[in-house]
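Residue numbers (this note's numbering): 809 to 1092.
Don't be surprised by glycine CBs; every beta carbon is placed ideally from N, CA and C.
Note that this is a predicted model, so its numbers are computed, not measured.
Data block below; observations after.
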């Protein structure tokens, strides 16, 4: 079984670049931020509130130690920009202007606001909240970064989706809102790929790609809070069907796939959904 390795410096193929990673305090988001930083990329990581900034500081400390003795290590900065608030995109823009001269090369829309509710129990406000945090906010982040001309040539946009947008998973009721916004992220990436990659009006970001990573069952804080019956349903209906064996993904499994899409070697991949779920869902 693959095990997480201690953080290490990688090939510095992202040196000089700047990434925004939403929800970078823990789990998949933190693993992505660390993966990019160990390749030389500076990172603006978002969190839900000021109390969580200490977690970004901890990540920055880890990166600083790895680059001890290097003359120009990447910078890791946190910003409290809650995806449930309408000012999230503006706070990200302001933080980029303050810390990175208003430039960005990589955007990873990772943060999510999941709401579990069974059909018959869904309230209108639940739908509004889910769409606000998980569809409107990523849309407005991209909109503001384009409007302010913050993206640079050959930028990368990666949305963190879910294989549940494409697969039926028995035994896990109440996922309709979750699968809806994850499906929307796939559609957004396809639209952005068409609109941003070779638009004469957006010459400043020529060559930009936009993709979605469809994530499978992953060991995160949210998963650790699942009830025993739900976890058993996952074991039987998800993990047992994976081509690579019955284990949950680790955040680092996902981060390495995202890392590829953020790098120069992914230059000809755009508008795509890349599955990172151990073979649970085969995407053509």
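Close Cβ partners of residue i (< 6 Å) along its chain, the five nearest in sequence each way excluded
{"i": "residue 913", "result": "825, 826, 960, 963"}
{"i": "residue 882", "result": "845, 848, 849, 850"}
Alpha carbon of residue i to alpha carbon of residue j, nearest angstrom
{"i": "residue 829", "j": "residue 935", "result": "25 Å"}
{"i": "residue 1087", "j": "residue 889", "result": "34 Å"}
{"i": "residue 968", "j": "residue 1000", "result": "15 Å"}
{"i": "residue 965", "j": "residue 918", "result": "11 Å"}
{"i": "residue 924", "j": "residue 857", "result": "22 Å"}
{"i": "residue 942", "j": "residue 813", "result": "31 Å"}
{"i": "residue 872", "j": "residue 928", "result": "50 Å"}
{"i": "residue 947", "j": "residue 954", "result": "11 Å"}
{"i": "residue 1076", "j": "residue 1007", "result": "16 Å"}
{"i": "residue 1017", "j": "residue 1061", "result": "22 Å"}
{"i": "residue 892", "j": "residue 940", "result": "6 Å"}
{"i": "residue 995", "j": "residue 973", "result": "11 Å"}
{"i": "residue 1013", "j": "residue 1005", "result": "7 Å"}
{"i": "residue 852", "j": "residue 957", "result": "17 Å"}
{"i": "residue 985", "j": "residue 993", "result": "13 Å"}
{"i": "residue 884", "j": "residue 865", "result": "8 Å"}
Secondary structure of residue i, DSSP reduced to three states
{"i": "residue 909", "result": "coil"}
{"i": "residue 1022", "result": "strand"}
{"i": "residue 988", "result": "helix"}
{"i": "residue 917", "result": "strand"}
{"i": "residue 1083", "result": "strand"}
{"i": "residue 854", "result": "strand"}
{"i": "residue 812", "result": "coil"}
{"i": "residue 936", "result": "helix"}
{"i": "residue 884", "result": "strand"}
For residue i, the first and last residue of its enclosing beta strand (DSSP E)
{"i": "residue 889", "result": "From DSSP, residue 889 is part of no beta strand (DSSP E); its letter is neither H nor E."}
{"i": "residue 960", "result": "959-970"}
{"i": "residue 826", "result": "826-829"}
Close beta carbons around residue i, own chain, < 8 Å, minus the five adjacent residues each side
{"i": "residue 949", "result": "828, 830, 896, 897, 900, 915, 917"}
{"i": "residue 1072", "result": "821, 962"}
Start and end residues, alpha helix (DSSP H) containing residue i
{"i": "residue 1065", "result": "1059-1070"}
{"i": "residue 949", "result": "945-955"}
{"i": "residue 838", "result": "835-845"}
{"i": "residue 1014", "result": "First-last for residue 1014: undefined, no H or E at that position."}
Same chain, Cβ closer than 7 Å to residue i, five either side skipped, listed in chain order
{"i": "residue 815", "result": "842, 846, 870, 874"}
{"i": "residue 921", "result": "891, 892, 937, 938, 941, 942"}
Closer than 8 Å to chain D by CB, residue i
{"i": "residue 1079", "result": "The displayed structure is made up of one protein chain only, and chain D is not part of it."}
Worksheet item: Is there contact here, the region 1062-1072 with the region 840-850, by at least three beta-carbon pairs under 8 Å?
Response: Short answer: they touch.
Practice prompt. Check whether the region 1076-1087 touches the region 990-1008, taking contact to mean three or more Cβ pairs, one atom from each stretch, closer than 8 Å.
Written response: yes
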